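Participant: Take the sequence shown: its letters are residues 1 to 303, numbered as in UniProt numbering. The C-beta atom is built at its ideal place from N, Cα and C for all residues, glycine as well. The structure presented is a predicted model; accordingly, all values stated were derived computationally and were not measured.
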Amino acid sequence: MIDASWDERQTKLLLDYYARYARDVGPLKKFRSKRAMFEQIACDMFGIPGIHRTAVQCETRFKTVSKRKRNEEKHNNTSGNSRCRVEYEQESDAIKAIDDSLEPEVLRGVDTVRWTNSYGRRITGRKLVREEEKAGYVPVLASVGGGEEPARMKGYRPLRGRRLAERSVEKLPIRLPSEALKIVLRPSGGVGSILHKIGSLNLACVIAQAAGVDLMEAAKDTVIPNLKQQSILIATTNEDRARKYLRIKGLATSMDSVVDVTAYEVAPENCGKGVIHGIDTARTSEQLKEIIRMDERNPPILG
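#1: Compute the Euclidean distance between the alpha carbons of residue 52 and residue 42, then round it to the nearest angstrom.
#2: With three or more beta-carbon pairs closer than 8 Å as the criterion, would you say the stretch 277–297 touches the stretch 260–267?
#3: Do the stretch 214–234 and the stretch 174–194 meet, that is, are 3 or more Cβ pairs less than 8 Å apart?
#4: Who are the Cβ neighbours of residue 239 in its own chain at under 8 Å, not counting the five residues just before and after it?
#5: Which of the three DSSP states is assigned to residue 265 in this structure?
#6: Would you please state the rounded distance, in angstroms, between the beta carbons of residue 321 and residue 210? I believe it to be under 8 Å.
#7: From residue 195 to residue 208, what does the alpha carbon distance come to, in whole angstroms?
#8: Mind listing, in chain order, the continuous beta strand (DSSP E) runs of no fewer than 3 residues lying wholly within the stretch 222–266?
#9: Looking at C-alpha atoms only, which residue of 67, 175 and 39 is the closest neighbour of residue 18?
#10: Where do the ends of the alpha helix (DSSP H) carrying residue 185 lie?
#11: Alpha carbon to alpha carbon, how far is residue 20 from residue 28?
#12: Alpha carbon to alpha carbon, what distance is there between residue 26 and residue 35?
#13: Compare the Cα-Cα distances from residue 214 to each of 67, 242, 279 and 291 and report the closest residue.
#14: In this structure, does DSSP put residue 25 in helix, strand or coil?
#15: Within 10 angstroms of its Cβ, does residue 201 collect 16 or more other Cβ (buried), or is it exposed?
#16: What is the DSSP secondary structure of residue 8, reduced to helix, strand or coil?
#17: Might you give, ordered along the chain, the residues of its own chain that have their beta carbon closer than 8 Å to the beta carbon of residue 236, omitting 5 neighbours on each side?
#18: Ordered along the chain, which non-local residues of its own chain (more than five positions away) have a Cβ less than 7 Å from that of residue 289?
#19: Only counting the same chain, and skipping five residues up and downstream in sequence, which positions put a Cβ closer than 7 Å to that of residue 6?
#20: For the alpha helix (DSSP H) that residue 52 lies in, which residues bound it at each end?
#21: Note down the Cα distance separating residue 16 from residue 9, rounded to an integer number of angstroms.
#22: Distance, Cα to Cα, residue 70 vs residue 23?
#23: Give me, in chain order, the residues of the same chain whose beta-carbon lies closer than 6 Å to that of residue 55; leave out the 5 immediate sequence neighbours on both sides.
#24: Within 10 angstroms of its Cβ, does residue 271 collect 16 or more other Cβ (buried), or is it exposed?
#25: Residue 304 and residue 254: beta carbons closer than 8 Å?
#26: Figure out for me which residue from 45, 68, 47 and 224 has the closest Cα to the Cα of residue 176.
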């Protein structure tokens with residue numbers, strides 16, 4: 001039932017003002033939102049003698065009239081009885097021709113836009129396809145509230161660019177040669193304390209000096225500090241330098257300070273590690289290797 005405080009003259013005047021200002025709503029236009037437009041309509045109507053309306057009253061009245069028109073049109077389309085009168089049909093049709101995008105929930109009748117999820121997909125008689133979605137962008141929606149309007153586009157988040165950033169070269173581990181020998185150094189107190197004293201740029205030089213390796217030759221090797229596991233990984237393709245790295249017992253962080261280090265070789269990717277129980281401790285490692293190699297059923301042993 002139409003609000004009695006609004007007569008036909010006032011309602012038509014409201015619809016006329018709406019049709020006049022509808023084109024001026026949007027970014028970089030006169031009115032940034034419909035609320036600002038209704039405030040201007042209320043100000044214009046206030047200048048007419050006998051009419052005193054607020055912006056909220058104007059907006060509520062417009063939605064009431066539009067909703068009533070939609071219900072009456074739906075009744076006429078589905079009912080086989082005589083056609084009922086649609087109030088303010090002429091004015092609303094004029095607004096619909098001008099303002100088809102601002103009030104789809106109210107003015108499009110049976111062709112109502114229904115937003116189904118956070119990606120702004122709508123279900124209508126025709127499918128909406130955005131060029132930005134084809135390019136890999138996902139719209140970020142700003143909620144309007146009240147459930148009366150679809151959420152408006154606030155911006156676009158580059159979904160494809162974000163995925164590429166997660167797989168960027170900076171986040172990937174350093175690629176090491178498959179034939180490289182890997183030696184792990186575990187300093188007492190962790191790697192962080194060493195880096196704090198000598199810095200990451202000097203770490204390779206300190207390791208080369210501790211191993212007795214020429215700096216020019218050591219430049220061919222890769223040194224990777226691992227703060228998460230508090231260890232240092234050294235990758236080299238030279239067996240002689242690898243043996244020297246394995247003999248490291250300490251790293252000199254200053255003239256009178258040496259940090260104890262435990263060094264061991266990492267098993268190659270195509271090998272495994274295991275423990276042999278019940279061995280004779282009187283035998284040397286070379287004798288144990290020969291005993292294992294004597295049985296052909298045993299896999300090859302490296303050390």
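Facilitator: Checking against the coordinates, here is how it stands:
#1: Locating residue 52 in the sequence shown gives position 52, where the first residue counts as 1. Locating residue 42 in the sequence shown gives position 42, where the first residue counts as 1. Cα-Cα distance, rounded: 8 Å.
#2: Judged by Cβ distances under 8 Å, the stretch 277–297 makes no contact with the stretch 260–267, as fewer than three pairs qualify.
#3: yes
#4: In the sequence shown, the residue the question calls residue 239 occupies position 239. Cβ within range, chain order: 181.
#5: Translated into positions along the sequence shown, residue 265 becomes position 265. Strand, per DSSP.
#6: Residue 321 is absent from the structure shown; the chain starts at 1 and stops at 303.
#7: Start at 1 with the first residue of the sequence shown, and residue 195 comes out as number 195. Start at 1 with the first residue of the sequence shown, and residue 208 comes out as number 208. Going from the Cα of residue 195 to the Cα of residue 208 covers about 15 Å.
#8: 222–226, 231–236, 250–254 and 257–265
#9: On the sequence shown, position 18 is the one that residue 18 refers to. Comparing Cα positions, the closest option is 39.
#10: Your numbering for residue 185 matches position 185 in the sequence shown. Counting along the chain, residue 185 falls outside any alpha helix (DSSP H), though it belongs to the beta strand (DSSP E) covering 181–187.
#11: The residue you call residue 20 lines up with position 20 of the sequence shown. The residue you call residue 28 lines up with position 28 of the sequence shown. Approximately 18 Å, taken between the alpha carbons.
#12: For the purposes of this step, residue 35 is taken as residue 35 along the sequence shown, with counting starting at 1. For the purposes of this step, residue 26 is taken as residue 26 along the sequence shown, with counting starting at 1. Computed Cα separation, rounded: 11 Å.
#13: Mapped onto the sequence shown, residue 214 falls at position 214. Checked all of 67, 242, 279 and 291; the closest Cα to residue 214 is 242.
#14: Here residue 25 corresponds to residue number 25 of the sequence shown, with the count starting at 1. Correct three-state label for residue 25: strand.
#15: Indexing the sequence shown from 1 puts residue 201 at position 201. Exposed, by the Cβ-count rule.
#16: Stepping through the sequence shown from its first residue, residue 8 is reached at position 8. For residue 8, the three-state secondary structure derived from DSSP is helix.
#17: Within the sequence shown, the letter at position 236 stands for residue 236. Here the set comprises 180, 181, 183, 220, 221, 222, 242 and 245.
#18: The sequence position of residue 289 within the sequence shown is 289, counting from 1. Excluding sequence neighbours, residue 289 sits near 301.
#19: Start at 1 with the first residue of the sequence shown, and residue 6 comes out as number 6. Contacts found: 61.
#20: On the sequence shown, residue 52 is found 52 positions in, with the first residue counted as 1. Note, residue 52: premise wrong, no alpha helix (DSSP H); not H, not E.
#21: Within the sequence shown, residue 16 is the residue found at index 16, counting from 1. Within the sequence shown, residue 9 is the residue found at index 9, counting from 1. The alpha-carbon atoms of residue 16 and residue 9 are separated by roughly 11 Å.
#22: Against the sequence shown, residue 70 aligns to sequence position 70. Against the sequence shown, residue 23 aligns to sequence position 23. Rounded to the nearest angstrom, the two C-alpha atoms are 22 Å apart.
#23: Your numbering for residue 55 matches position 55 in the sequence shown. The residues are 38, 39 and 42.
#24: On the sequence shown, position 271 is the one that residue 271 refers to. With fewer than 16 Cβ atoms within 10 Å of its Cβ, residue 271 is classed as exposed.
#25: Only positions 1 to 303 of the chain appear in this structure, which leaves residue 304 out of reach.
#26: Within the sequence shown, the letter at position 176 stands for residue 176. For the residues 45, 68, 47 and 224, the minimum Cα distance to residue 176 belongs to 224.
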